[in-house]
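Data block below; observations after.
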Amino acid sequence: MKLLHIDSSILGDHSASRQLSRGVVQSFSAVNPGTEVVYRDLANEPLSHFSGATLAAAGTPVEGRDAAQKLEVETNEATLEQFLSADVVVIGAPMYNFSIPSQLKAWIDRITVAGRTFRYTEAGPEGLCKGKKVIIVSTAGGLHQGQPSSVGHEDLLKVLFGFIGVTDLQFVFAHGLAYGDEPRAAAMTAAQKHISETLFA
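In full-length UniProt numbering, the protein residues as written are 1 to 201.
If you want it as structure tokens, here you go:
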């Protein structure tokens, strides 16, 4: 069993999503001994944002690529293979300005690849990542779970991962973290309880 652990918060040790995503990985590993965990910190080691240069590198024949293009293609392929080889993916996804961190979006742009994680057919698009489990730790200062304001975050992630064929998609929520010490503590405690008692029950 291989687990890919992704963090994207820019807050380092002060990050709620990092704390909770770590808890998810620890709980999963306890239930599934021998799990191989691969960790990726998108805030400390960010991918470049998807651009014309990205497309140009991929579209240039191998023999014609310059050093920068070779590095771009190698990085993109390694990122995609890391995702494809994982049985379980745990993602720390804080909400920034009603959406996901741009670092996480850059990663998603590297794993959403026609012919690799989805394909177009006469019947429409088909996701190719069936059988993969994805667990998303959603944190936010406000209260957004199930609200219209979640469209660029929770709803976006549901659409993205559903598009590439992920049907086993679960969320751990800790919202209202900016409402004061007591609401923050209550939200974190509830999320930790969900992780330890019900997420893998």
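Glycine is no exception: its CB is placed at the ideal position from the N, C-alpha and C atoms.
*Which class does PHE28 belong to by DSSP, given the choice of helix, strand or coil?*
helix
_Please confirm whether ALA57 has its beta-carbon closer than 9 Å to some beta-carbon of chain C._
The structure shown contains no chain C; it is built from a single protein chain.
_Checking 9 Å against the spacing of the C-beta atoms, do VAL134 and ASP168 come in under that value?_
yes
*Within 10 angstroms of the Cβ of PRO148, are there 16 or more other Cβ atoms? Answer buried if so, exposed if not.*
By the 16-neighbour rule on beta-carbons within 10 angstroms, PRO148 is exposed.
*Report all residues from its chain with a CB closer than 6 Å to the CB of VAL166; omit the five preceding and five following residues, and keep chain order.*
If we look at VAL166 and ignore the five residues flanking it on each side, its Cβ neighbours are CYS129, LYS132 and VAL134.
*At what residue ranges does the region 116-197 contain a whole run of the beta strand (DSSP E), taking only runs of 3 or more?*
For the region 116-197, whole beta strand (DSSP E) runs of length 3 or above, ordered along the chain, are 118-121, 124-127, 133-139 and 168-174.
_CB-CB length for LEU157 against ALA93, believed under 8 Å_ = 7 Å
*Contacting residues, own chain, Cβ-Cβ under 6 Å from GLU178 (five flanking each side not counted)*: The question names Glu, but residue 178 is Ala in the sequence shown. Here the set comprises GLY141.
*Same chain, Cβ closer than 6 Å to VAL89, five either side skipped, listed in chain order*: LEU4 and VAL134
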